[in-house]
Amino acid sequence: GENVEQHPSTLSVQEGDSAVIKCTYSDSASNYFPWYKQELGKRPQLIIDIRSNVGEKKDQRIAVTLNKTAKHFSLHITETQPEDSAVYFCAASRGSNYKLTFGKGTLLTVNP
Amino acid sequence: KAGVTQTPRYLIKTRGQQVTLSCSPISGHRSVSWYQQTPGQGLQFLFEYFSETQRNKGNFPGRFSGRQFSNSRSEMNVSTLELGDSALYLCASRAGTGGPGELFFGEGSRLTVL
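Chains as they are written, first to last, in this note's numbering: chain A, 371 to 482; chain B, 7 to 120.
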């Protein structure tokens, strides 16, 4: 089955810096890659997603890039703010299979 | 529009007991997925139901089961509880058709097994 590896497990940055979280996946047939943000004590929420026919997608300060050949995708957050502090999860799924396989998460801390 | 509702929010059980958790999806959503969240393991997929049928299943033992009702509400059951079953159980709903898309999570049911 699909396996998603996520790095780093923790990341600490200064406010205003950029943060990058990377994920690799094992199933070359995977074609949907979402990112979820989970603030402390709250439910995970989708922040951005990308499909395999697109190499990059941006939404304000957040961007995701996908390299299908290398089977990895990354989340980029620019101009980080304290409210960006949370656990971020990457995930992958394929075709009509609605099962999402998640990475183990990255705890991002943005220091003011 | 009301979000995904899970009950109970917190519960404590002892080893060997069983537990039933409930999930009410967003109105109109026909797909309900269940995930187990533990520190260091992230979110692990349990199963997904669509129109009362299990559409996908994760790698959990048979002690974990679920079902979905005609109104799309779902329940999951864990029998013969073990200490390692202590976790946050998250339910998520989505429309379920038209390809993969956003999962809307509930706040979870936190199970503690003593």
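All C-beta atoms, glycine included, are put in the ideal place defined by N, C-alpha and C. What you are looking at is a predicted structure, and each value in this text was computed from that prediction instead of being measured.
Practice item. Going by DSSP, name the residue or residues bridged to S115 (chain B). Key: B:Y95
Check your understanding: Should A93 (chain B) and Q24 (chain B) be called a contact, given that it needs their Cβ atoms to be closer than 8 Å?
Key -> no
Review point. Cβ of P31 (chain B) less than 8 Å from any chain A Cβ?
Key: no
Check your understanding: If you scan the region 43-85 of chain B from start to end, which runs of the beta strand (DSSP E) of 3 or more residues do you find wholly inside it?
Key -> 48-56, 59-63, 70-74, 80-84
Review point. Is the beta carbon of S388 (chain A) sitting closer than 8 Å to the one on H442 (chain A)?
Key: Not in contact: S388 (chain A) and H442 (chain A) (Cβ atoms no closer than 8 Å).
**Study point:** chain A contacts from the region 47-58 of chain B (Cβ-Cβ distance under 7 Å)
**Key:** Going along the region 47-58 of chain B in chain order, one finds Q47, G48, L49, F51, E54 with a Cβ nearer than 7 Å to chain A.
**Study point:** Nearest neighbour of R464 (chain A), chosen from B:N62, B:V10, B:R15 [CA to CA]
**Key:** B:N62
Practice item. Evaluate Q408 (chain A) with the Cβ neighbour count: other Cβ atoms within 10 Å of its Cβ, from every protein chain shown; 16 or more gives buried, anything less gives exposed. Key: buried
Exercise for review: Go through its chain and collect everything with a Cβ distance to V457 (chain A)'s Cβ below 6 Å, but skip five positions before and after it.
Suggested key: For V457 (chain A), where only same-chain residues beyond five positions count, the Cβ hits under 6 Å are Q408, G475, L477.
Check your understanding: With a Cβ-Cβ cutoff of 8 Å, do P452 (chain A) and E385 (chain A) count as a contact?
Key -> yes
Review point. Taking just the CA atoms, how far does L410 (chain A) sit from G112 (chain B)?
Key: When rounded, the separation of the alpha-carbon atoms in G112 (chain B) and L410 (chain A) is 14 Å.
Exercise for review: Taking only the alpha-carbon atoms, compute the straight-line gap between Y16 (chain B) and L27 (chain B) and give it to the nearest angstrom.
Suggested key: 10 Å
Exercise for review: Check distances from the C-beta atoms of the region 83-110 of chain B to those of chain A and list, in chain order, the residues that come in under 9 Å.
Suggested key: L96, A98, R100, G102, G105, P106, G107, E108, L109, F110
Practice item. Check the Cβ-Cβ distances between F459 (chain A) and every residue of chain B, and say whether any is below 8 Å. Key: Yes, F459 (chain A) counts as interfacial toward chain B.
Check your understanding: In three-state DSSP terms, what is L492 (chain A)?
Key -> The structure shown does not extend to residue 492 (chain A), since chain A is modelled only from 371 through 482, so no value can be given for it.
Practice item. Determine, using beta carbons only, whether F472 (chain A) comes closer than 8 Å to chain B. Key: yes
Check your understanding: Just to check, is the beta-carbon of P452 (chain A) closer than 7 Å to a non-hydrogen atom of the ligand MG?
Key -> The ligand MG is not among the ligands present in this structure, which contains no ligands whatsoever.
Point to revise | Beta-carbon proximity list for D91 (chain B), same chain, < 7 Å, skipping 5 on both sides | key: The answer, listed in chain order, is V84, L117, V119.
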